[in-house]
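Converting from the sequence shown to my numbering requires adding 2 to each position, the first position being numbered 1.
To start, the structure itself, in structure tokens.
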Amino acid sequence: MASFIEKTREYPRQIRDMLRVSASLFADQPAIVAKKDGEYRAYTYRRLQSDVKALGAALAARGLGGKRIALLGENSYEWVLILLTALCGDFVAVPMDKSLPPMDVAQLCQYAEAAAILYADGYPESVSALGECTEALPFSSVETLLEEGRRLQSAGKASFPTARAEGEPALLLFSQAKTDAPRDALLSDENLCFTATRAAEAMGLSDKDSLLSLLPLHYAYELILGLLAPLSVGASVAFGDGLHAIMKNLGELHPTALVTTPILAEALWRKAQKMLTEGYGKLGTAEVKASGILPKKLALPLRKKLFAQIHAAFGGSLRLLLCGGAPTSSQVMKGLSDIGILALTCYTALEGAMTVTVNAKNAPRAESVGRTLDGAIVDVYNKGEDGKGEIRVKGDGVMLGYYKNDAATAEVIRDGWLYTGDLGYLDKDGYLYLTGRKKNLLVRASGKNVFPEELEPLLTEQPFVKEAVVLGFVNEQKRDYDLVAVLYPDKERFAALYGENYTVADEETEMANALEKVNATLPDHKKLDTFVLRQTPFEKTASRKIRRTSIAESVKDEYWKKR
């Protein structure tokens, strides 16, 4: 069945309208698939909309109308229900990181002025430090609240849903950045609906799709693209057991789509590469293993048949993978597309709170992050001779501002434009290309620019490099930067090829080889001077992005030894 958008070419402006339309068109189709008592259960659009109305009535009756409501816990039906209840009413949803210690939860609730927090039953300790100002309700109370709401509805006493004024805050998203002055984004109902509906269309999602949600929903990128976007077109969203069980969940749930990050996309591609190697001679024409021998116009369904064994390992139905949140290796995206999975990149700003571009589903370009979403405007500001400059965005997806930080808001939103702090350029066809972060830009003594984010995917494409961060250390003798690659080796690959007793010297040798190969492809001003080997993975955010802030300090002694 065609979605409302496909039928009318009109987009709903608010989440309540989006849910109403999906519930009308796809009433008995599953909206959410989640585990309950160890078994997967499907919750239809009809039930989801009914539960939203009942829960909203109960919460409003408790005096929470118009208040901020925090939610904490793993991805679940209850989590989604609480979120949508807030967005469809006049509450403000405040998602929290479930790994936060109790004092942090209490401080954030106070800072957000949350009147209540609803939390998963496994997290009583997390809310143990709350003050009297915040009411704490476990997810197990949701069923009781639903009954209360339905009684109010039957008695004609329900005061939900209450309309929210256009442009009012609907969602407070805490920044994942560890800074003294946090930049926590306030988003309106219209911001969320704009991004979700346009992104779903750009990705080519439909009610025939089922998406496996891998990342925590308190992360904006997953909440908007992994939940709201599929719900806007009648697709289903399934919650698995976490990143550690991705292959198991692919086999159980048979999703057609994934919204993921570069690290997870690379892990899937490595799995596919391993299968290609192990299955050489069994896969027939699949032995081309995405080497470029396959005709460029060979349709995805035919590629899927050629690589049937790999698709079976990925659940048998996976057709679409959207990757964003950080620079993505074009080799990984091309490889996945070559084996029959449409791998698209996207560009998100504000730590995922705003999706700006999605690669065209009919004409993707692996090196690009795609074209501007319908209804948004992207411009490159203060361009240099090479056409590169700061990316700025205008449209209904632009956030309201930073919570309790007017100075930071004024810094990034000027005359309706959001200045992202990201650098890039647009080609003649309107495809956007990212080159790095403004704050990470290194200007060499020659005046030429180096973008670390451009070099890092080249390093992780090397067989023995699993993770990489490029830094610039000032070399006063040269009066220039030394470009230093901080590398974490692929331990599994080393063990497979060198044996379990491989040494650090083996790692050093392969890392040096990787550096040499990458440097051979680079102009002089981008060549890496040396590398530092690390033995543990980089610290990451909930969205699996590497935290860069303390890396330079942690490796400076090793760098000095190598100078």
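Just so you know, even glycine gets a beta-carbon here, dropped at the ideal spot from N, CA and C.
Could you pull out every residue in the same chain whose Cβ sits closer than 6 angstroms to the Cβ of phenylalanine 28, ignoring the five residues on either side in sequence?
Along the sequence shown, one-based indexing puts residue 28 at 26. Within the same chain, phenylalanine 28 has close Cβ partners Tyr47, Asp209, Gly236.
In whole angstroms, what is the alpha-carbon distance linking tyrosine 500 and threonine 359?
Numbered from 1 along the sequence shown, position 498 holds the residue referred to as residue 500. Numbered from 1 along the sequence shown, position 357 holds the residue referred to as residue 359. Rounded to whole angstroms, tyrosine 500 to threonine 359 spans 42 angstroms at the Cα level.
Spatial neighbours of lysine 558 in its chain, beta-carbon cut-off 8 angstroms, leaving aside the 5 residues before and after:
Stepping through the sequence shown from its first residue, residue 558 is reached at position 556. Close CB contacts of lysine 558 within its chain, under the 8 angstroms cut and outside five residues either way in sequence, are with Phe475 (chain order).
Write down the C-beta distance between leucine 21 and leucine 120 rounded to the nearest angstrom, noting that I regard them as a contact closer than 8 angstroms.
Numbered from 1 along the sequence shown, position 19 holds the residue referred to as residue 21. Numbered from 1 along the sequence shown, position 118 holds the residue referred to as residue 120. Incorrect: roughly 19 angstroms between the Cβ atoms, too far for contact.
Just tell me which of Lys528, Arg416, Gly449 has its CA closest to the CA of glutamate 1.
Because the chain is modelled from 3 through 565, residue 1 falls outside the range shown and cannot be assessed.
May I ask you to report which of helix, strand or coil DSSP gives lysine 542?
Stepping through the sequence shown from its first residue, residue 542 is reached at position 540. Lysine 542: strand per DSSP, three-state reduction.
For the region 302-379, which segments carrying the alpha helix (DSSP H) assignment without a break, of at least 4 residues, lie completely within its bounds, in sequence order?
302-308, 310-315, 332-340
Cα-Cα, which of Val129, Ala116, Ala88 is closest to valine 107?
Numbered from its first residue, the sequence shown carries residue 107 at position 105. The residue with the shortest Cα to Cα distance from valine 107 is Val129.
Use the C-beta contact count for cysteine 325: other C-beta atoms within 10 angstroms, 16 or more gives buried, fewer gives exposed.
Looking up residue 325 in the sequence shown gives position 323. Its Cβ being crowded by 16 or more others within 10 Å, cysteine 325 is buried.
Kindly indicate which three-state DSSP category aspartate 508 falls into: helix, strand or coil?
Translated into positions along the sequence shown, residue 508 becomes position 506. In this structure, aspartate 508 counts as helix in the three-state DSSP scheme.
N- and C-terminal bounds of the beta strand (DSSP E) containing serine 215:
Locating residue 215 in the sequence shown gives position 213, where the first residue counts as 1. Looking at the DSSP string, the run of the beta strand (DSSP E) that includes serine 215 is 212-215.
Run through DSSP, which three-state label would valine 144 get?
On the sequence shown, position 142 is the one that residue 144 refers to. Secondary structure at valine 144: helix, using DSSP grouped into helix, strand and coil.
Rounded separation between alanine 514 and proline 171 - CA only:
As a working note, residue 514 is residue 512 in the sequence shown. As a working note, residue 171 is residue 169 in the sequence shown. Whole-angstrom Cα-Cα distance: 51 angstroms.
I'd like to confirm the pairing. Which residues does DSSP put opposite arginine 43 in its beta bridges?
Along the sequence shown, one-based indexing puts residue 43 at 41. BP columns for arginine 43 point to Ala36.
Are alanine 60 and leucine 147 touching if we call contact CB-CB under 7 angstroms?
Against the sequence shown, residue 60 aligns to sequence position 58. Against the sequence shown, residue 147 aligns to sequence position 145. Yes.
Among Tyr79, Ala412, Ile226, Gly423, which one has its Cα closest to the Cα of arginine 439?
As a first step, residue 439 must be located in the sequence shown, where it is residue number 437. Comparing Cα positions, the closest option is Gly423.
Would you mind sorting aspartate 53 into buried or exposed? The rule is 16 or more other CB atoms within 10 Å of its CB.
Translated into positions along the sequence shown, residue 53 becomes position 51. With 16 or more other Cβ atoms within 10 Å, it is buried.
Taking buried to mean at least 16 other C-beta atoms within 10 Å of its own C-beta, is glutamate 43 buried or exposed?
On the sequence shown, position 41 is the one that residue 43 refers to. Checking the displayed sequence, the identity of residue 43 turns out to be arginine instead of glutamate. So arginine 43 counts as exposed.
Here's a check: name, in chain order, each residue in its chain whose Cβ is nearer than 7 angstroms to the Cβ of arginine 433, leaving out the five neighbours to either side.
Walking along the sequence shown from the start, residue 433 turns up at place 431. Going by the sequence as given, residue 433 is tyrosine instead of arginine. Hits under 7 angstroms: Arg367, Ser370, Gly372, Arg373.
Terminal residues of the continuous alpha helix (DSSP H) containing glycine 253?
Here the question's residue 253 lines up with position 251 in the sequence shown. Its alpha helix (DSSP H) spans residues 248-255.
Beta-carbon proximity list for valine 414, same chain, < 7 angstroms, skipping 5 on both sides
As a first step, residue 414 is located in the sequence shown; it is residue number 412 there, counting from the start. Answer for valine 414: Leu420, Tyr421, listed in chain order.
Reducing DSSP to helix, strand and coil, say where lysine 440 ends up.
Locating residue 440 in the sequence shown gives position 438, where the first residue counts as 1. If DSSP states are grouped into helix, strand and coil, lysine 440 belongs with the helices.
Segment contact, 8 angstroms Cβ cut-off, at least three pairs: the region 311-323 with the region 256-266
yes
According to DSSP, is proline 525 part of a helix, a strand, or is it coil?
Residue 525 sits at position 523 when you count from the first residue of the sequence shown. Coil.
With distance defined between alpha-carbon atoms, name the residue in Arg152, Gly124, Asp99, Phe141 nearest to alanine 62.
What you label residue 62 is simply residue 60 of the sequence shown in a count that begins at 1. Of the candidates Arg152, Gly124, Asp99, Phe141, the one whose C-alpha sits nearest the C-alpha of alanine 62 is Arg152.
Which residue from Lys493, Leu457, Ala447 puts its Cα closest to that of glutamate 478?
Taking the first residue of the sequence shown as 1, we reach residue 478 at position 476. Per the Cα distances, Ala447.
Just to confirm before moving on: does the CB-CB distance between leucine 489 and phenylalanine 533 stay below 7 angstroms?
Translated into the one-based positions of the sequence shown, residue 489 becomes position 487. Translated into the one-based positions of the sequence shown, residue 533 becomes position 531. Closer than 7 angstroms, so yes.
Any idea what DSSP makes of threonine 136, helix, strand or coil?
As a position in the sequence shown, residue 136 is number 134, starting the count at 1. Threonine 136 falls in the coil class under three-state DSSP.
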